[in-house]
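Protein chains in written order, with my numbering: chain P, 1356 to 1602; chain F, 138 to 428.
Heads up, the beta-carbon is just placed ideally off N, CA and C, and yes, glycines get one too.
If you're wondering where the values come from, they're calculated on a predicted model, not measured in any experiment.
Shown next, in the form of structure tokens:
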């Protein structure tokens, strides 16, 4: 069965919220492995893993540096040199935080790498804000690869006109300016043309929109989305209530 | 670019009042969350991950940012809405590059500030919040910073409106002040949601303060006060360079720039506010610009 993109978004979001609220590392690790299994099964693991690593590796390193080495509240000192003390509490805090963040990040990334973007846009573009938001999302996702290749072309063009990036901050800044100005100019020019074209097609007119693309949806999925949202809200409330009762 | 429709009914004052209410609610949600977090921080700074503060920071800031988007986005003219994806792409392309290098800066707001300068504080705020939300498609860790990004966009628009981009040396000063405010507001998110920072270089600065015995929030706020003002000063300077590099024909398409004389050397343009300048444009509707 193909899921409605909004349903999978609700699933990913609720998973992220519940893992954050539960704050237990077995649950976080379970979510991480479930997300990885889903990615492998969906065939998106090859693209997802580099993206997840780009986010999570610096984050985890930073957590280890901050809490592993310096944790003034820590008691159990495992090693010490100079002002740096490796404490058990600090390491536990860093690992717990890392597991929890990894779970939330992977849950959301599995969604964004598996979702069919035209479906998501069609599901979102009902009317009003949602329609405009869907335009911004779809337009950004379509522009990104185009802009990356244009950056490359502009660099080639400037290099053929004699641009050599020499070391030194000023030279780098000048080189950046030579590449950024044509890029921004052309993008803003194009945006103006696009605005006129969109306006001619009634982009900012109020009222309902229809779509050629039919996105599968059912009563069950609608109920499921409602249940998931309630579950996420309930987990947040339960967490706040428990913390209040605990202190 | 966009002209008010002649055949469709224009939204009444009730709709405008509802939007204003949403804007105020969004701003209140962000401010209230920040005040609550700062007042309550000493009790549970190391109370374990997933403590109430993380959830309050996440939900309060996100709800505020979403309310701002819902309030602002429908009021923007199409010529501004099509610029938002451009700004987002600039944010992502430049931010992704700097975020992974060993520099304690982010430079992830160039697009947002550019839109704020071209189209005003409301557009800047919406762009900032949308940028975080769309970027979280690839990097979910930027999602909690949506409120901070919206604030940066709004402040940049206000700076542009009050002529901070008319003199070249004022732009970095405005960026510096914006960075101080933005950094202080974003620090609780970094502290409570992430328990640190997302980059190695910024993490090193935080751990330096931690080694002197600061609490986590104090250390991250100090790190933000070192990184953010410099970062935003650079961003504002870059945006000033870009804005002055735009040809006059493009600049005068933006009613915000004409009305508030955002850039220097535009004094002669007041006469042109009544007359369409480009072939594609009719006098653009002022809704949402500079409100």
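Within a Cβ cutoff of 7 Å, which residues of the same chain sit near residue i, ignoring the five residues on either side of it in sequence?
i	result
residue 361 of chain F	320, 321, 323 and 324
residue 1402 of chain P	1468
residue 173 of chain F	193
residue 328 of chain F	353, 354 and 357
residue 1455 of chain P	1374, 1375, 1378 and 1383
residue 1529 of chain P	none
Would DSSP call residue i helix, strand or coil?
i	result
residue 404 of chain F	Residue placement at residue 404 of chain F is flagged as unreliable, the pLDDT there being 47, under the threshold of 50; a coordinate-derived value is accordingly withheld.
residue 398 of chain F	coil
residue 334 of chain F	coil
residue 1433 of chain P	strand
residue 1442 of chain P	strand
residue 432 of chain F	No answer is possible for residue 432 of chain F: the residues shown for chain F start at 138 and end at 428.
residue 1370 of chain P	helix
residue 1383 of chain P	helix
residue 1359 of chain P	coil
residue 329 of chain F	helix
residue 314 of chain F	helix
residue 1498 of chain P	helix
residue 303 of chain F	coil
residue 382 of chain F	helix
residue 193 of chain F	helix
residue 242 of chain F	coil
residue 1599 of chain P	helix
residue 1567 of chain P	coil
residue 1518 of chain P	coil
residue 1513 of chain P	helix
residue 390 of chain F	coil
residue 288 of chain F	helix
residue 1490 of chain P	helix
residue 1480 of chain P	coil
residue 1378 of chain P	coil
residue 1471 of chain P	coil
residue 177 of chain F	helix
Measure the alpha-carbon distance for residue i versus residue j and round it to whole angstroms.
i	j	result
residue 110 of chain F	residue 1400 of chain P	Since the first residue shown for chain F is 138 and the last is 428, residue 110 of chain F is missing from the structure and cannot be characterised.
residue 1472 of chain P	residue 1492 of chain P	9 Å
residue 357 of chain F	residue 195 of chain F	17 Å
residue 363 of chain F	residue 1574 of chain P	52 Å
residue 372 of chain F	residue 205 of chain F	23 Å
residue 326 of chain F	residue 316 of chain F	15 Å
residue 256 of chain F	residue 393 of chain F	5 Å
residue 1379 of chain P	residue 1587 of chain P	16 Å
residue 1367 of chain P	residue 1360 of chain P	11 Å
residue 399 of chain F	residue 1534 of chain P	24 Å
residue 333 of chain F	residue 1419 of chain P	9 Å
residue 1393 of chain P	residue 385 of chain F	52 Å
residue 218 of chain F	residue 287 of chain F	16 Å
residue 1488 of chain P	residue 1480 of chain P	8 Å
residue 1553 of chain P	residue 1547 of chain P	10 Å
residue 331 of chain F	residue 1373 of chain P	16 Å
residue 1409 of chain P	residue 150 of chain F	48 Å
residue 375 of chain F	residue 252 of chain F	13 Å
residue 259 of chain F	residue 395 of chain F	16 Å
residue 366 of chain F	residue 314 of chain F	7 Å
residue 1476 of chain P	residue 344 of chain F	43 Å
residue 402 of chain F	residue 1512 of chain P	31 Å
residue 1450 of chain P	residue 1377 of chain P	15 Å
residue 1543 of chain P	residue 197 of chain F	34 Å
residue 418 of chain F	residue 390 of chain F	Interpretation of residue 418 of chain F is limited by its pLDDT of 41, a score under 50 that renders its predicted location unreliable; the figure taken from the coordinates is listed afterwards. So the alpha carbons of these two residues sit roughly 7 Å apart.
By Cβ distance below 6 Å, which residues in the same chain neighbour residue i in space, the five residues on each side in sequence not counted?
i	result
residue 285 of chain F	319, 322 and 323
residue 346 of chain F	356 and 359
residue 1497 of chain P	none
residue 296 of chain F	311
residue 409 of chain F	Note that residue 409 of chain F scores 43 on pLDDT, short of 50, meaning its location in the model is unreliable; the coordinates nonetheless yield the value given after this. Excluding sequence neighbours, residue 409 of chain F sits near nothing in its chain.
residue 1562 of chain P	none
Might you give, ordered along the chain, the residues of its own chain that have their beta carbon closer than 8 Å to the beta carbon of residue i, omitting 5 neighbours on each side?
i	result
residue 1584 of chain P	1365 and 1369
residue 1478 of chain P	1359, 1360, 1361, 1570 and 1572
residue 225 of chain F	248, 264, 267, 268, 271 and 272
residue 425 of chain F	For residue 425 of chain F, the pLDDT reaches just 42, beneath the cut-off of 50, and the residue's location in the model is therefore unreliable, although a value from the coordinates is still provided. For residue 425 of chain F, where only same-chain residues beyond five positions count, the Cβ hits under 8 Å are 209, 212, 213, 214, 217, 257, 259 and 260.
Say whether chain A places a C-beta atom closer than 9 Å to the C-beta of residue i.
i	result
residue 343 of chain F	Among the chains of the structure shown, chain A does not appear; the protein chains present are P and F.
Less than 8 Å separating the Cβ of residue i from some heavy atom of the ligand NAD?
i	result
residue 1557 of chain P	You won't find the ligand NAD in this model; it holds no ligand whatsoever.
*Is the number of C-beta pairs between the stretch 1572-1580 of chain P and the stretch 283-297 of chain F that are closer than 8 Å three or more?*
No contact exists between the stretch 1572-1580 of chain P and the stretch 283-297 of chain F.
*Answer yes if the stretch 1536-1553 of chain P comes into contact with the stretch 1517-1524 of chain P, meaning at least three C-beta pairs across the two stretches below 8 Å, and no otherwise.*
Judged by Cβ distances under 8 Å, the stretch 1517-1524 of chain P makes no contact with the stretch 1536-1553 of chain P, as fewer than three pairs qualify.
*Mind the definition here: the stretch 1444-1456 of chain P touches the stretch 1410-1426 of chain P only if three or more C-beta pairs lie below 8 Å; say whether that holds.*
Yes, since at least three Cβ pairs between the stretch 1444-1456 of chain P and the stretch 1410-1426 of chain P fall closer than 8 Å, the two stretches touch.
*Please determine if the stretch 239-253 of chain F and the stretch 206-216 of chain F are in contact, where contact requires at least 3 C-beta pairs separated by less than 8 Å.*
Judged by pairs of C-beta atoms under 8 Å, the stretch 239-253 of chain F does not touch the stretch 206-216 of chain F, as fewer than three such pairs exist.
_Would you call the stretch 303-310 of chain F in contact with the stretch 261-272 of chain F, where contact means no fewer than 3 C-beta pairs closer than 8 Å?_
The stretch 303-310 of chain F is not in contact with the stretch 261-272 of chain F.
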